[in-house]
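Trainee: In this note's numbering, the protein residues as written are 91 to 411.
By construction, the Cβ of each residue, glycine as well, lies at the ideal position given by its N, Cα and C atoms.
Treat the numbers as computed from the prediction; the structure is a model and nothing was measured.
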């Protein structure tokens, strides 16, 4: 079956948000001509008429029209990083959004990744140097970030539902890191070589998990579990820790100076290394806890056409804002 390419060009400065609602895989690449965003659709002839690319009020939308969509398709969004001002990228069409080599180094700027429903987002980047980097998942989708260096003022991650967020880097340097799970979702944050933070906050409501991986230090860590969930912050040795469990959940942490704990119900709070200088509240020493290593980066998908067979009668959309 022959595939034909169709390319649409936009001014990069006009694109404020990228929202992908396509049911197929979409690649975002940093190799557009200066000042441009190019959307290239390579599809079998019987599929191409079902795709719509639209920029409206700063939102670049990729979507399909109504109907039964079959065939092969390769969607590529090429951006000029220096000119791109987009601060939000959303994936909500059930497909996968893959960002390869896109680096953001604009101090004072921010970037938010949002995964809604099914599907996943995968970012590989050599560096992110931002005021705020945020990842949000609602539903059972996933966000995976593999970075060289993260230099941030704020690193925020939230999961609502059964989805997951994994942010891994060689080094992480952030003033503030916040992780929140509502439901049975999972958040993993980790640095292979160096993890430094001023304030770390982790909260689980339900049966979810928050796990900090690697090894590093922070000044203050706060962990709260409501329900049967679990939190591990012991990869970071904190000067002070506040840990609270409501219900049968558990917290594993590590304080150098002071550990303040509260447990309502059968929940457990552990420290995993040397005893803190001062402990206030119930806690126990857990010997030989399982290691919290940072996994290697996952292979990036090949840039080849995706075979699809979906009923798009509910109207999928893909926006870049």
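Per DSSP, what kind of secondary structure is residue 382 in: helix, strand or coil?
Mentor: Here residue 382 corresponds to residue number 292 of the chain shown, with the count starting at 1. The answer is coil: DSSP assigns residue 382 none of H, G, I, E or B.
Trainee: When burial is assigned at 16 or more other CB atoms within 10 Å of the CB, is residue 226 buried or exposed?
Mentor: As a first step, residue 226 is located in the chain shown; it is residue number 136 there, counting from the start. Looking at its Cβ environment, which holds 16 or more other Cβ atoms inside 10 Å, residue 226 is buried.
Trainee: Between 255, 256, 342, 245, which has its C-alpha nearest residue 220's C-alpha?
Mentor: Walking along the chain shown from the start, residue 220 turns up at place 130. Checking every option, the nearest Cα to that of residue 220 belongs to 245.
Trainee: If you draw a straight line from the C-alpha of residue 259 to the C-alpha of residue 323, how long is it?
Mentor: Start at 1 with the first residue of the chain shown, and residue 259 comes out as number 169. Start at 1 with the first residue of the chain shown, and residue 323 comes out as number 233. Near 17 Å, if we compare the C-alpha coordinates of residue 323 and residue 259.
Trainee: Kindly give me the distance between the Cβ atoms of residue 168 and residue 122, rounded to whole angstroms, as I take these residues to be in contact under 8 Å.
Mentor: Start at 1 with the first residue of the chain shown, and residue 168 comes out as number 78. Start at 1 with the first residue of the chain shown, and residue 122 comes out as number 32. 4 Å between Cβ atoms; contact.
Trainee: From 208, 276, 148, pick the residue whose C-alpha is nearest to that of residue 181; which is it?
Mentor: Here residue 181 refers to the residue found at position 91 when the chain shown is read from its first residue. Residue 181 has its Cα closest to that of 208, out of 208, 276, 148.
Trainee: Can you tell me which of 382, 383, 364, 381 puts its alpha carbon nearest to the alpha carbon of residue 374?
Mentor: One-based indexing of the chain shown puts residue 374 at position 284. The option with the nearest alpha carbon to residue 374 is 364.
Trainee: Applying the 10 Å Cβ sphere with the 16-neighbour rule, what's the burial state of residue 240?
Mentor: Sequence index remark: in the chain shown, residue 240 carries index 150 (1-based). Looking at its Cβ environment, which holds 16 or more other Cβ atoms inside 10 Å, residue 240 is buried.
Trainee: Should residue 263 be labelled buried (16 or more other beta-carbon atoms within 10 Å of its own) or exposed?
Mentor: Here the question's residue 263 lines up with position 173 in the chain shown. So residue 263 counts as buried.
Trainee: For the beta strand (DSSP E) holding residue 107, just list the boundary residues, first then last.
Mentor: For the purposes of this step, residue 107 is taken as the residue at position 17 of the chain shown. Note, residue 107: beta strand (DSSP E), 107-110.
Trainee: In chain order, which continuous runs of the beta strand (DSSP E) of length 3 or greater are located wholly inside the region 245-292?
Mentor: Runs found: 254-273.
Trainee: Can you give me the C-alpha to C-alpha distance between residue 199 and residue 193, rounded to a whole angstrom?
Mentor: Counting from 1 along the chain shown, the entry for residue 199 is found at position 109. Counting from 1 along the chain shown, the entry for residue 193 is found at position 103. Cα-Cα distance, rounded: 12 Å.
Trainee: Following the continuous beta strand (DSSP E) through residue 377, name the residue where it begins and the one where it ends.
Mentor: Along the chain shown, one-based indexing puts residue 377 at 287. Residue 377 -> no beta strand (DSSP E), and no H or E assigned at all.
Trainee: Taking the beta strand (DSSP E) that residue 141 belongs to, which residues open and close that run?
Mentor: The residue labelled residue 141 in the question sits at position 51 within the chain shown. Looking at the DSSP string, the run of the beta strand (DSSP E) that includes residue 141 is 141-146.
Trainee: Bridge partners for residue 117 per DSSP, in chain order?
Mentor: As a working mapping, residue 117 is identified with position 27 in the chain shown. Answer is 166, 188.
Trainee: Would you list the residues sitting across from residue 389 in a DSSP beta bridge?
Mentor: To locate residue 389, count along the chain shown from 1; it is residue 299. Residue 389 is not bridged to any residue.
Trainee: According to DSSP, is residue 104 helix, strand or coil?
Mentor: Walking along the chain shown from the start, residue 104 turns up at place 14. Helix at residue 104.
Trainee: Just the Cα atoms here: how many angstroms apart are residue 394 and residue 112?
Mentor: Along the chain shown, one-based indexing puts residue 394 at 304. Along the chain shown, one-based indexing puts residue 112 at 22. Their Cα atoms are separated by approximately 16 Å.
Trainee: In this structure, does DSSP put residue 400 in helix, strand or coil?
Mentor: Residue 400 sits at position 310 when you count from the first residue of the chain shown. Three-state result, residue 400: strand.
Trainee: Output needed for residue 414: all residues of its chain with C-beta closer than 6 Å, excluding positions within five of it in sequence on either side, in chain order.
Mentor: This structure does not reach residue 414, given that the chain is present from 91 up to 411, and the question cannot be answered.
Trainee: Since I believe residue 188 is in contact with residue 391 (beta carbons under 8 Å), could you give me their beta-carbon distance rounded to a whole number of angstroms?
Mentor: Looking up residue 391 in the chain shown gives position 301. Looking up residue 188 in the chain shown gives position 98. Contact flag correct, Cβ pair sits at about 6 Å.
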